[in-house]
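First comes the structure, then the notes that go with it.
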Amino acid sequence: MLLAPLAACATTTPPAVTGAVPASPPAGMQYLYGSGEGAALSVQAWHGLLGYVAGKMKARPADSVVLAQGASLDAPTFVPCGDKPLAAVFDVDETVLLNIGYEYHDATTGKGYSAADWDAWEKTGEGAVAPVPGADHVLAALRKMGVTVIFNTNRSAANADATARAIRAAGLGEAVHGRTLYLSGDDAMGSRKDGRRVTIAAKYCVIAMAGDQLGDFSDLFNAGQAVPARRAATMTLPIAGMWGNGWFVMPNPVYGSGLKGGFDEIFPMDKRWAPPAKGEQ
Ligand SMILES: [Mg+2]
1177 MLLAPLAACA
1187 TTTPPAVTGA
1197 VPASPPAGMQ
1207 YLYGSGEGAA
1217 LSVQAWHGLL
1227 GYVAGKMKAR
1237 PADSVVLAQG
1247 ASLDAPTFVP
1257 CGDKPLAAVF
1267 DVDETVLLNI
1277 GYEYHDATTG
1287 KGYSAADWDA
1297 WEKTGEGAVA
1307 PVPGADHVLA
1317 ALRKMGVTVI
1327 FNTNRSAANA
1337 DATARAIRAA
1347 GLGEAVHGRT
1357 LYLSGDDAMG
1367 SRKDGRRVTI
1377 AAKYCVIAMA
1387 GDQLGDFSDL
1397 FNAGQAVPAR
1407 RAATMTLPIA
1417 GMWGNGWFVM
1427 PNPVYGSGLK
1437 GGFDEIFPMD
1447 KRWAPPAKGE
1457 Q
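Numbering (my numbering), first residue to last: 1177 to 1457.
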């Protein structure tokens, strides 16, 4: 059949920018959804992931990259692989899929995050998504290599079917709830993903993970640390050794746990500068 049944996601004329909207989208959106630099950074991360997995598959790893229950960031231990089949685990939003339609709505209304609007987006947004640059190609390559691609997202389990459609519409392949798609509401831990990760790692040797938020790797990063302590936790060995070596971070300057902190947290007292007064130059 030549004509695919697109009617389900067809829309009327897309909304245009009207009324009192900013002259241009916020800088983070320009970078993530519009810039060549943002696209290249994403492709770079996906290339790194694919190369890492290809290298790891030559000798079967002893351990998964999922932290074992009871592990700490200071003394991380990982779920053993045993003879489990290989999988890679991915967050969805701004990791494999760009929510361009929702962010257009956000930028032009200036409403900020709205749970009701986001729920409606999960249900109806499949026509206005795109793959994160590189994700579509790399997920297809991983499947060809025999690695099961599993999505672990904080989208709602109630919208599982619509999320599977959005993943497919972005060219990211098939996702089956409970097998290759895990969502918020699948267990009693809400938006915390450690439980879902442990469930997945019980069945699979998880060879790589990717996400745009630290919670996509471990809930331990979200235990209420101040901004500088949270940053330091990512740079301290042995966790520092995980980035690019099993854990892969995608850029997200648009929203999320990375966008926090006042002047005192972002600019330490010993790293402040002002031009010298005239006469001192
Ligand atoms: Mg995300």
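Glycine included, C-beta positions come from ideal geometry on N, C-alpha and C.
Candidates the options: which alpha carbon is nearest residue i's?
{"i": "M1365", "options": "S1332, D1269, G1349 and K1436", "result": "S1332"}
{"i": "G1224", "options": "A1450, G1212 and M1385", "result": "M1385"}
{"i": "A1316", "options": "A1351, T1410 and V1425", "result": "A1351"}
{"i": "T1271", "options": "A1306, A1340, A1416 and V1255", "result": "A1306"}
{"i": "V1242", "options": "R1406, A1409, V1382 and G1437", "result": "V1382"}
{"i": "D1335", "options": "G1349, G1322 and S1360", "result": "It is worth fixing the name first, because residue 1335 is Asn in this sequence and not Asp. Ranking the options by Cα distance to N1335, first place goes to S1360."}
{"i": "S1296", "options": "P1309, D1282, A1402 and G1258", "result": "It is Ala, not Ser, that sits at residue 1296 in the sequence shown. Closest option to A1296, Cα to Cα, is D1282."}
{"i": "G1371", "options": "L1226, A1244 and P1252", "result": "A1244"}
{"i": "L1348", "options": "V1314, V1403 and G1246", "result": "V1314"}
{"i": "L1274", "options": "G1246, A1304 and A1264", "result": "A1304"}
{"i": "A1221", "options": "N1428, K1299 and P1404", "result": "N1428"}
{"i": "A1251", "options": "L1413, P1309 and E1279", "result": "L1413"}
{"i": "F1266", "options": "G1214, R1341 and V1308", "result": "V1308"}
{"i": "Q1389", "options": "V1197, A1399, T1284 and S1433", "result": "S1433"}
{"i": "T1284", "options": "A1196, A1291, G1212 and M1411", "result": "A1196"}
Rounded to whole angstroms, what is the Cα-Cα separation between residue i and residue j?
{"i": "D1174", "j": "D1446", "result": "Past the edges of the chain, shown from 1177 to 1457, lies residue 1174, and the structure says nothing about it."}
{"i": "T1187", "j": "G1277", "result": "Legend: pLDDT at T1187 = 49, less than 50; position of this residue unreliable, no value from coordinates given."}
{"i": "D1293", "j": "G1301", "result": "11 angstroms"}
{"i": "G1455", "j": "S1200", "result": "41 angstroms"}
{"i": "K1379", "j": "Y1207", "result": "38 angstroms"}
{"i": "C1185", "j": "P1237", "result": "Summary for C1185: the model assigns pLDDT 44, below 50, so the residue's position carries little reliability, and this model does not support an answer."}
{"i": "A1346", "j": "P1451", "result": "48 angstroms"}
{"i": "M1177", "j": "Y1289", "result": "Model confidence at M1177 stands at a pLDDT of 33, short of 50, so the residue's coordinates are unreliable and nothing is read from them."}
{"i": "I1415", "j": "D1395", "result": "14 angstroms"}
{"i": "L1249", "j": "A1409", "result": "7 angstroms"}
{"i": "I1326", "j": "L1357", "result": "6 angstroms"}
{"i": "G1420", "j": "D1312", "result": "19 angstroms"}
{"i": "P1444", "j": "T1329", "result": "34 angstroms"}
{"i": "Q1401", "j": "E1441", "result": "12 angstroms"}
{"i": "V1119", "j": "G1387", "result": "Only positions 1177 to 1457 of the chain appear in the structure, and residue 1119 is not among them; the question remains open."}
{"i": "A1183", "j": "Y1431", "result": "Bear in mind that a pLDDT of 41 at A1183, under 50, signals an unreliable position, so the number given afterwards is only what the model happens to contain. Distance between the alpha carbons of A1183 and Y1431: 32 angstroms."}
{"i": "M1233", "j": "P1190", "result": "45 angstroms"}
{"i": "L1435", "j": "P1256", "result": "34 angstroms"}
{"i": "A1338", "j": "S1367", "result": "19 angstroms"}
{"i": "D1259", "j": "G1310", "result": "30 angstroms"}
{"i": "F1439", "j": "P1404", "result": "11 angstroms"}
{"i": "G1246", "j": "F1254", "result": "10 angstroms"}
{"i": "G1210", "j": "L1217", "result": "12 angstroms"}
{"i": "G1505", "j": "K1320", "result": "Beyond the ends of the chain as shown, which are 1177 and 1457, falls residue 1505; an answer cannot be given."}
{"i": "A1230", "j": "R1341", "result": "29 angstroms"}
{"i": "G1214", "j": "P1198", "result": "22 angstroms"}
{"i": "V1219", "j": "A1453", "result": "45 angstroms"}
{"i": "T1324", "j": "S1240", "result": "14 angstroms"}
{"i": "W1449", "j": "V1374", "result": "46 angstroms"}
{"i": "M1411", "j": "A1399", "result": "17 angstroms"}
{"i": "A1291", "j": "G1437", "result": "23 angstroms"}
Please look up how many angstroms separate the CB atoms of residue i and residue j, rounded, as I've assumed it's under 8 angstroms.
{"i": "I1376", "j": "V1268", "result": "With a Cβ gap of about 14 angstroms, I1376 and V1268 do not count as contacting."}
{"i": "R1406", "j": "F1393", "result": "12 angstroms between Cβ atoms; not a contact."}
{"i": "L1262", "j": "G1322", "result": "7 angstroms"}
{"i": "G1354", "j": "K1369", "result": "The pair is not a contact, with the Cβ atoms about 16 angstroms apart (cut-off 8 angstroms)."}
{"i": "E1279", "j": "M1205", "result": "6 angstroms"}
{"i": "Y1228", "j": "G1422", "result": "7 angstroms"}
{"i": "L1318", "j": "A1264", "result": "6 angstroms"}
Can you confirm whether residue i, when its beta carbon is compared against all beta carbons of chain B, has any partner nearer than 7 angstroms?
{"i": "G1258", "result": "Here chain B cannot be found, since the structure has a single protein chain."}
For review: beta carbons within less than 7 angstroms of any heavy atom in ligand 1: D1267, V1268, D1269, E1270, T1271, G1387, D1388, Q1389, D1392, N1428 and G1432
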